[in-house]
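Residue numbers (the working numbering): 524 to 967. Backbone N, C-alpha and C fix where the C-beta goes; we use that ideal spot for every residue, glycine too.
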């Protein structure tokens, strides 16, 4: 909703992640398929056709259809049509592959040429080169949408906001572009410039940006003191990158050492990232229970559970909003449904598809949707999102005046609701029966 757009522009999310749109990755690197056969049954030795058939086989073997656009019969016919054609070289075969995958109507199942594939593999490393935004391709409009800018980056400083539509890049219209196409134009050497044409509430804005090296710190934390004197550990998780689990563990341990009595975990505008990071972080908060399960086209598989390794069992509240997606939804859903935390804020984005990353024989690669995430209670996250226990939104006036440094402070109205919710929980925890005390409320 419009009132949330500027807030998500202020909040920092993840880097320009390309392979998954909104994060949530089940990485499964695979080499080329062997024993490929052509439409006539003979072995395929022609390299362009070999890559086409590798992509075809991966989809045929692993793809989970979430759009209703796939059918085995049509997919087999498409293979016959493609392998009877001649291809002058890689570019022609790559265009054929992109057309083949486009027929699935799934923006998360896509082809990456060798350069794109190499860039994709470093996108979750915690450092990148660019302007500091994450893109998603809107399934219905096919427009390039800004999920969220990264705090402290050129995009954030220039005022790029969540839900901005990128209509042009250096004057080139983006109609028909994929996220990969856009990235080729947006990324470039440090210190060079790019101009993004943005549509916001019907108005077109041209925003010049200077590319920079962007180092991603996934976690920010502070020890706050509530009005009643309670010591509140505030942790903002910005994305689930390769550093997130380690940084989260360090933050919790540091706040425990400072005497935190409870925690507010802020997942607002966190677009997701690595599946394993979300599971490991959930285990830092949960001692028992299911965290997430995945459903492939063969049925339920890969149920992930807590391992009794939680760092703390102190009360906690989780802040969520419409920019919380994928791995954020896995974590918040697990904490909510295991009754480990109350959720405060707005319904999450609703991105619950798992992509596997596959390497191909010529150095190119692809991502393919292979499963859906399910919460511990079996709820399909995709398109449904996670509902908060307590709704909290910022007013338009507050959003207009909101700054990065206001997050997790008394100037942050959503945080104030979370803190009030947490202090009530702390009061209930402290109201236990103590022999010899007139603690009648706790007894009855």
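Beta-bridge partners of residue i, as assigned by DSSP
{"i": "residue 693", "result": "In the DSSP output, where bridge partners are listed per residue, residue 693 has none listed."}
{"i": "residue 817", "result": "824, 896"}
{"i": "residue 723", "result": "726"}
{"i": "residue 889", "result": "634, 881"}
{"i": "residue 706", "result": "In DSSP, residue 706 forms no bridge with anything."}
{"i": "residue 736", "result": "652"}
{"i": "residue 699", "result": "Bridge partners of residue 699: none, in fact."}
{"i": "residue 925", "result": "In DSSP, residue 925 forms no bridge with anything."}
{"i": "residue 785", "result": "755"}
{"i": "residue 657", "result": "671"}
Residue closest to residue i, alpha-carbon to alpha-carbon, out of the options
{"i": "residue 723", "options": "692, 750, 742, 685", "result": "685"}
{"i": "residue 940", "options": "876, 869, 927", "result": "869"}
{"i": "residue 802", "options": "773, 612, 690, 764", "result": "764"}
{"i": "residue 797", "options": "706, 752, 848, 751", "result": "848"}
{"i": "residue 725", "options": "690, 917, 718", "result": "690"}
{"i": "residue 800", "options": "827, 661, 752", "result": "827"}
{"i": "residue 752", "options": "658, 740, 784, 739", "result": "784"}
{"i": "residue 670", "options": "925, 844, 911", "result": "844"}
{"i": "residue 713", "options": "702, 881, 676", "result": "676"}
{"i": "residue 842", "options": "904, 613, 758, 773", "result": "758"}
{"i": "residue 840", "options": "773, 861, 846", "result": "861"}
{"i": "residue 741", "options": "717, 867, 773, 718", "result": "773"}
{"i": "residue 702", "options": "717, 668, 596", "result": "668"}
{"i": "residue 584", "options": "879, 920, 695", "result": "879"}
{"i": "residue 696", "options": "929, 596, 666, 711", "result": "666"}
Cut-off 6 angstroms between Cβ atoms - residues of its own chain near residue i, not counting five sequence neighbours on either side
{"i": "residue 906", "result": "873"}
{"i": "residue 948", "result": "838"}
{"i": "residue 877", "result": "549, 817, 893, 894"}
{"i": "residue 781", "result": "746"}
{"i": "residue 909", "result": "852, 855, 856, 871"}
{"i": "residue 912", "result": "865, 866"}
{"i": "residue 904", "result": "852, 875, 896"}
Contacting residues, own chain, Cβ-Cβ under 7 angstroms from residue i (five flanking each side not counted)
{"i": "residue 835", "result": "775, 779"}
{"i": "residue 678", "result": "654, 655, 656, 672, 732"}
{"i": "residue 942", "result": "749, 755, 787"}
{"i": "residue 957", "result": "Note on residue 957: pLDDT 47, under 50, position unreliable in the model; no value is reported."}
{"i": "residue 950", "result": "none"}
{"i": "residue 693", "result": "708, 717, 718"}
{"i": "residue 587", "result": "819, 820, 892, 893, 894, 895"}
{"i": "residue 617", "result": "634, 636"}
Neighbourhood of residue i by C-beta, 8 angstroms cutoff - its chain only, sequence neighbours within 5 removed
{"i": "residue 715", "result": "733, 734"}
{"i": "residue 830", "result": "806"}
{"i": "residue 592", "result": "626, 627, 628, 629"}
{"i": "residue 969", "result": "The structure shown has nothing for residue 969, since the chain only spans 524 to 967."}
{"i": "residue 727", "result": "690, 720, 721"}
{"i": "residue 952", "result": "838"}
{"i": "residue 681", "result": "730, 731, 732"}
{"i": "residue 932", "result": "747, 938"}
{"i": "residue 601", "result": "579, 623, 626"}
{"i": "residue 615", "result": "571"}
{"i": "residue 565", "result": "With a pLDDT of 42 at residue 565, under the threshold of 50, the modelled position of this residue cannot be trusted, and the question is left open."}
{"i": "residue 612", "result": "571"}
Simplified DSSP assignment, three categories, for residue i
{"i": "residue 640", "result": "helix"}
{"i": "residue 677", "result": "helix"}
{"i": "residue 894", "result": "strand"}
{"i": "residue 800", "result": "helix"}
{"i": "residue 744", "result": "strand"}
{"i": "residue 944", "result": "helix"}
{"i": "residue 623", "result": "helix"}
{"i": "residue 587", "result": "coil"}
{"i": "residue 866", "result": "strand"}
{"i": "residue 757", "result": "strand"}
{"i": "residue 936", "result": "helix"}
{"i": "residue 952", "result": "helix"}
{"i": "residue 545", "result": "At residue 545, the pLDDT of 36 sits below 50, so the modelled position is not reliable; the number obtained from the coordinates is stated separately. Residue 545: coil per DSSP, three-state reduction."}
{"i": "residue 768", "result": "helix"}
{"i": "residue 668", "result": "strand"}
{"i": "residue 851", "result": "helix"}
{"i": "residue 606", "result": "helix"}
{"i": "residue 790", "result": "coil"}
{"i": "residue 600", "result": "helix"}
{"i": "residue 571", "result": "helix"}
Check: residue i C-beta below 7 angstroms from any heavy atom of the ligand PLP
{"i": "residue 669", "result": "With respect to the ligand PLP, the structure shown offers nothing to examine, as it has no ligands at all."}
message: Does the contact criterion of 3 or more C-beta pairs under 8 angstroms hold for the segment 894-904 versus the segment 844-856?
response: yes
message: For the pair the segment 737-754 and the segment 775-788, tell me if three or more CB-CB distances fall below 8 angstroms.
response: yes
query: With contact counted as at least three CB pairs below 8 angstroms, one residue from each stretch, are the segment 821-832 and the segment 785-793 in contact?
result: no
- prompt: Between the segment 875-892 and the segment 827-841, are three or more C-beta pairs nearer than 8 angstroms?
  reply: no
message: If contact is defined by three or more beta carbon pairs under 8 angstroms, each pair taking one atom from either stretch, is the segment 915-925 in contact with the segment 803-811?
response: no
- request: Tell me, please, whether the segment 571-591 touches the segment 605-625 by the rule of three or more beta-carbon pairs shorter than 8 angstroms.
  value: yes
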